[in-house]
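First comes the structure, then the notes that go with it.
Numbering (the working numbering), first residue to last: 2 to 197.
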């Protein structure tokens, strides 16, 4: 199966990427890399779901440059979010193009908190801690049977997964900024409603 991105889809993805603050890039790269890691784990197991806790996600983010001296960190100091990846295997005939690979995505805020943190360099900042990105990826049965769904992610699914991650994390960043400016209260139901 070869994915053909239509001009309309391409324009939508470009607009989505251009409208996203640069500070979200690190987290999109982190989650996208973890999705690939999760698919590799699922390739060698009978499971169809994998969960990365905040420590695992944070370690990956640090490997991508998350630190208190990074300008992007200062404008979006998210810390220790979780990732829950679910793989749906569907008949080949049910997979169309593009968005059909991503069946569901949300940012769950049940376990989120805001805390002041002081780093080794003396910087004190307000951290947005926790939360869970939930993402469901559908793949065709033939790709699952052949064991090539990790390659399918790299070639076809990744741009759509990243667009969804940009979208979800933009809502979280907007909510964080509203809290800091005093225009929103620390009610995580507000951001949950925005991202679902």
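Even for Gly, the Cβ is constructed at its ideal location relative to N, Cα and C.
Does the Cβ-Cβ distance between residue 170 and residue 63 come in under 8 angstroms?
The Cβ-Cβ distance between residue 170 and residue 63 does not fall below 8 angstroms.
Span of the beta strand (DSSP E) holding residue 114?
Counting along the chain, the beta strand (DSSP E) containing residue 114 begins and ends at 114-119.
For residue 26 and residue 129, the rounded distance between their alpha carbons
16 angstroms
Does the stretch 56-74 come close enough to the stretch 156-168 that 3 or more CB-CB pairs lie under 8 angstroms?
no
Same chain, Cβ closer than 8 angstroms to residue 89, neighbours up to 5 away in sequence not counted:
49, 104, 137, 138, 139 and 140
Do you know offhand how far residue 23's Cα is from residue 73's?
7 angstroms
State the Cα-Cα distance for the pair residue 75 and residue 135, rounded to the nearest angstrom.
25 angstroms
Check this for me: beta carbons of residue 151 and residue 40, under 8 angstroms apart or not?
yes
Does DSSP classify residue 152 as helix, strand or coil?
helix
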